[in-house]
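Structure first, then comments.
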Amino acid sequence: METLVKMFKNNIRQYGMIIALVVIMILFEIITGGLLLKPINITNLILQNSYILVLAIGMVLVIITGHIDLSVGSIAAFVGAVAAIMMVDLHWHPVVAVIASLVVGALIGAWQGFWVAYVKIPAFIVTLAGMLLFRGLTMIVLKGQSIAPFPNGFQKISSGFIPDFGSAGTNIVAVLAGILFTVIYIVNELRDRRAQKKYNFEVVSGGLFILKLVVIAAIINAFTFMLAIYAGLPNILILLLVLIIIYSFVMNKTVMGRHIYALGGNEKAADLSGVKTKKVTFWVFVNMGVLAAISGLIFAARLNAATPRAGTNFELDAIAASFIGGASATGGIGTVFGAIIGGLVMGVLNNGMSLIGLGVDWQQGIKGLVLLAAVAFDIYNKKKVTFLK
Amino acid sequence: MSEYILEMRNITKEFPGVKALSNVNLKIREGEIHSLCGENGAGKSTLMKVLSGVYPHGTYDGEILFKGKTCEFKNIKHSEELGIVIIHQELALIPYLSIAENIFLGNERSSRGIMNWNETITGARELLDKVGLKENPNTPVGNIGVGKQQLVEIAKALSKKVKLLILDEPTAALNEDDSENLLQLMLEFKRQGISCILISHKLNEVSKVSDSITILRDGQTIETLDMKGGDVNEDRIIRGMVGRDLTNRYPERTPKIGDTILEVKDWTVYDEQRSDRKMLDQVNLHIRRGEIVGIAGLMGAGRTELAMSIFGKAYGRNISGTLIKDGKPIQNNTITQAIDNGFAYVTEDRKHYGLILIDDIKRNISLTGLPKLAKGTVIDDKQEVLVAEEMRQKLKIKTPNILQKTGNLSGGNQQKVVLSKWIFSEPDILILDEPTRGIDVGAKYEIYTIINQLADEGKGVLVISSELPEILGICDRIYVMNAGRITGEVSREEASQETLMRYMTKTGGAKHGNVG
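So the protein sequences, as listed, match chains F and X.
Counting along the first sequence from 1, when you hit position 42 you're at 42 in our numbering, and nothing is skipped either side.
Heads up, our numbering is the position in the second sequence plus 1000, with the first residue counted as 1.
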């Protein structure tokens, strides 16, 4: 028991938000009388939050480098509008239009990255300008009106499900995917543990390790089973998983990822160690532009329309998700996984409060307090470990 | 009433683990210019911080008597009320505010919080007249030169009814004309009865204006010299500043010196902010394989600027000159290029420029050499752990494991992590800037041993250090810099603290002098 308490204390930063997420879910499950974890609501949760989660992935990278991006909501709206014009007005094939939209996102990111990285204008100002600029452009290209409807294939991005084998009640693909994912996860954990032991790093005791594997395997399979009962795996979930895996891999295992953390941790030291700080900053913003474009496409597909007010306040949700997920406002600290957890905390709060019929006014206020509490908790944790005298 | 305006008696100031001042005594006569001399770290600045109340009463032992009365300063404001004003080396002016606003900053001419602009401007004009500065008081301070800014600082001091003016390295950033002006102004103040304490590394200036000189060394008062007799010269002052024994604090080594690995020719660099200011002027030097070359110099001599400008132009602008490595001219236009050319630079400020304190030892060590650990772009984790482990053992980094955050390590171990990082990048030329600053004696010995090993592997090593015994203890050949120029080159055999100190305080650019 003592070791458990100690482990909990050591890992509170790492697991704190997961625990908070679980507590919030249980809380709303009870208050809503079991509505929250109904299969249909779980599926809805994913569909409702996917575009914010995609933004959060890009945003946490920007925040790790020590910057901020206020323009992503406007970029998402603008790209959605451009995609609508290409597909609805010009009748381009959806695949061509999607690729063109991502290029537009990348160019917008490059535009902002240029000002931040090479001209050294604070990102707050550059992206505040971008927020106004691209919102304005959205209204101009849409002439103040909505464009709809999108071709069927495009809508499927947000509303479609992975096709199943049979036609029976429970979706077999989803169940199998859950099992496959569990196996990959366990193999990975075992491999890591073996490596850690080999190099004499501290590892948790065998019993706790197995407990952790069992709990996570149970959660994964319960989740996929829930999806299976309703309609199966949403396309968007697959896209999200692919993005999370790719970006976690890039941040943890590649030179680029290391350089992003080093740059955020101490820009001057990174520079003097041979990290091309300007180039890295530039590409982080290009990446943000592409992810904002993806987010904009998902949102447009879900709404089945491009509207002038799309994406309003998305940037704030994405920033909040990153900070709730443990990113540091001074840079150098944060994880993609954390940002996703942060995004889910916000998403579950939104969803839960809507289910119990709480007004938007109360929802906003409570979300604000949660953000403040999460960051205060983070700072409190850091104060216990002082680096600089 | 004594003849002394200020007496500091038996001042002792301790920092955790270090005795910065030990029973220091300082007596300043009414209306004299009294200089304070000593090496970097001798305790001059600490003593002045005690005097001005930066270190408040109670944090030190000893007593301060000003005009015969015991003083217990709580803060700077308190000491300024009595007329003790200190002007620091880095000017404390706000560039966007006007001259007049700067002069009365914190001491505004106002009534009930409302500024009285007429009084501010006329008051500023009077003070500018006194210091002989002909500028419009409404000019922003950032628009006038450093020499004039220095005068604004002095005008600001005068506005506080100064009785004792302390100038810390006032001429370090000034050209010769501006320096001369400032010294004349000090003599003028003396005639008006204002006492001055001058801290300066420029001994020619010190001996020119001082009435007496107090020498500090290792936190102790060594002696007070009276300049009136005229028998005290610069050599006499230098002897007082350096006279200390060298025990065997440096590992033995027989150098195996090979061919020239790096030549720096006519290296001239201008200031990053002020492009008209030459920071380095026609610097020439060379390093051979297996050789440890030292660069001695006082603060502001341009040593770090030299190192950083060579290391991928990390400092300065309008850099001209050539770098020749192994007989071939090379370009170090970016830091990456410098690293690819086999350069490594260990910075003097490891916390801010050397380490990522929130990252662990492993990640700090691998940062520069990451491409070597990667297959394509994916980092080989196992290889990374092995490398970090190897460095930990080789350099004896004291830590439970390599996942410790570098921010939690001691200074010596932090420095070893920085060295590991650069050793892993396999450089040919290492530039070490103050490699043992803030490190305890035991760890210093280990760092010297590492430096020796690197030289013995046939690398060229350039060591910048403000500690003369260290330079003398580990270097095979020493360049001395002052005011952006190489003022001397001495071999290990002919080097002594006196020789170095003479070149360090020498203005002008003669080279290859002999021991005199």
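The C-beta atom is built at its ideal place from N, Cα and C for all residues, glycine as well.
How about Asn287/F and Gly73/F: do their beta carbons lie closer than 8 Å?
Cβ atoms of Asn287/F and Gly73/F: not closer than 8 Å.
Proximity below 8 Å, CB of Leu1323/X to CB of Asn1332/X
Yes, Cβ-Cβ distance for Leu1323/X and Asn1332/X is below 8 Å.
Hey, is Ile1339/X's beta-carbon within less than 8 Å of any beta-carbon in chain F?
Closer than 8 Å to some Cβ of chain F, the Cβ of Ile1339/X qualifies, so yes.
Going by the DSSP bridge assignment, what does Thr1260/X pair with across the sheet?
Residue pairing by DSSP places Thr1260/X opposite Arg1288/X in a beta bridge.
Other residues of its chain near Ser1210/X: CB distance less than 6 Å, five sequence neighbours each side excluded
Counting only Cβ-Cβ distances below 6 Å, and skipping sequence neighbours, we find Ile1033, Ser1035, Met1227.
Within 7 Å of chain X by C-beta, residues of the region 328–339 of chain F in sequence order
Hits within the stretch, in order: Gly332, Ile333.
Local Cβ density within 10 Å of Trp1267/X, reported as buried at 16 or more and exposed below that
Per the 10 Å Cβ criterion, buried.
8 Å Cβ cut-off: residues of chain X touching Asn436/F:
This structure does not reach residue 436/F, given that chain F is present from 1 up to 389, and the question cannot be answered.
According to the Cβ coordinates, are Ile1310/X and Ile1431/X closer than 8 Å?
Yes, the pair counts as a contact, with Cβ atoms nearer than the cut-off.
Does the beta carbon of Thr254/F come closer than 8 Å to any beta carbon on chain X?
Taking 8 Å as the threshold, the shortest C-beta distance from Thr254/F to chain X falls below it.
Specify whether the region 191–211 of chain F and the region 1381–1400 of chain X touch according to this definition: at least 3 beta carbon pairs, one from each stretch, less than 8 Å apart.
Touching, per the Cβ criterion.
Kindly indicate if chain X contains any beta-carbon less than 8 Å away from that of Arg309/F.
No, its Cβ sits nowhere closer than 8 Å to a Cβ of chain X.
C-beta atoms of Gly1460/X and Ile1287/X nearer than 8 Å:
Yes, Cβ-Cβ distance for Gly1460/X and Ile1287/X is below 8 Å.
Comparing C-alpha positions only, which one of Leu1165/X, Glu1291/X, Gly1488/X sits nearest to Glu1188/X?
Ranking Leu1165/X, Glu1291/X, Gly1488/X by Cα distance to Glu1188/X puts Leu1165/X first.
Expressed to the nearest angstrom, what Euclidean distance is found between the alpha-carbon atoms of Leu190/F and Val215/F?
Approximately 15 Å, taken between the alpha carbons.
Secondary structure of Arg1437/X, DSSP reduced to three states:
The three-state reading of DSSP puts Arg1437/X in coil, since its state is none of H, G, I, E or B.
C-alpha gap between Pro1140/X and Ile1197/X, whole angstroms
Distance between the alpha carbons of Pro1140/X and Ile1197/X: 29 Å.
So, does the CB of Ile379/F fall closer than 8 Å to a CB anywhere in chain X?
No, Ile379/F lies away from the interface with chain X (no Cβ there is under 8 Å from its Cβ).
Name the residue from Gly1038/X, Ile1215/X, Lys1067/X, Asn1075/X whose alpha carbon lies nearest to the alpha carbon of Gly993/X.
For chain X, the structure presents residues 1001 to 1516; residue 993/X sits outside this window and is missing.
With a CB to CB cut of under 7 Å and the five nearest residues on each side skipped, what residues in its chain are close to Val1054/X?
Within the same chain, Cβ atoms closer than 7 Å to the Cβ of Val1054/X are found at Ile1076, the five residues on either side in sequence being excluded.
Express the C-alpha separation of Ala1172/X and Gly1113/X in angstroms, rounding to a whole number.
In this structure, the CA atom of Gly1113/X is about 37 Å from the CA atom of Ala1172/X.
To the nearest angstrom, how far is it from the Cα of Met17/F to the Cα of Arg1217/X?
The C-alpha of Met17/F lies about 55 Å from the C-alpha of Arg1217/X.
Do we get a CB-CB distance below 8 Å when we pair Ser158/F with the residues of chain X?
For Ser158/F, the answer is no, since every Cβ of chain X falls outside 8 Å of its Cβ.
Residue from Gln155/F, Phe209/F, Ile356/F with nearest C-alpha to Leu27/F:
Of the listed residues, the one whose Cα sits closest to Leu27/F is Ile356/F.
Counting C-beta neighbours from all protein chains within 10 Å, is the total for Phe1073/X 16 or more, i.e. buried, or is it exposed?
Phe1073/X comes out buried.
Is there a C-beta anywhere in chain F that falls below 8 Å from the one on Arg1363/X?
For Arg1363/X, at least one C-beta of chain F is nearer than 8 Å to its own C-beta.
Assumed close pair Ala76/F, Gly296/F - CB separation to whole angstroms, cut-off 8 Å:
Confirmed, about 3 Å.
Coarse secondary structure for Ser1366/X, derived from DSSP in three states
In the structure shown, Ser1366/X sits in a helix (DSSP, three-state: H, G or I).
Exposure of Phe154/F, with buried meaning 16 or more beta-carbon neighbours within 10 Å
Around the beta carbon of Phe154/F, 16 or more other beta carbons lie within 10 angstroms, which makes this residue buried.
Identify every residue that forms a DSSP beta bridge with Trp1267/X.
Its beta-bridge partners are Val1283/X.
Look at Glu1536/X and Ile1238/X and say whether their C-beta atoms are less than 8 Å apart.
This structure does not reach residue 1536/X, given that chain X is present from 1001 up to 1516, and the question cannot be answered.
Alpha carbon to alpha carbon, how far is Ala1270/X from Ala1314/X?
First, the residue type needs correcting, since residue 1270/X is Tyr and not Ala in the sequence shown. Taking the straight line from one Cα to the other gives about 12 Å.
Neighbour list for Phe201/F in chain X, Cβ cutoff strictly below 9 Å:
Those are Val1385, Asn1401, Ile1402, Leu1403, listed as they occur along chain X.
Out of curiosity, what's the CA-to-CA distance linking Ala1388/X and Trp362/F?
Straight-line spacing of the CA atoms in Ala1388/X and Trp362/F works out to 52 Å.
Local conformation of Ser1309/X per DSSP, three classes
When DSSP states are grouped into helix, strand and coil, Ser1309/X belongs to the helix group.
Does His1352/X come out as helix, strand or coil in the three-state DSSP assignment?
His1352/X falls in the helix class under three-state DSSP.
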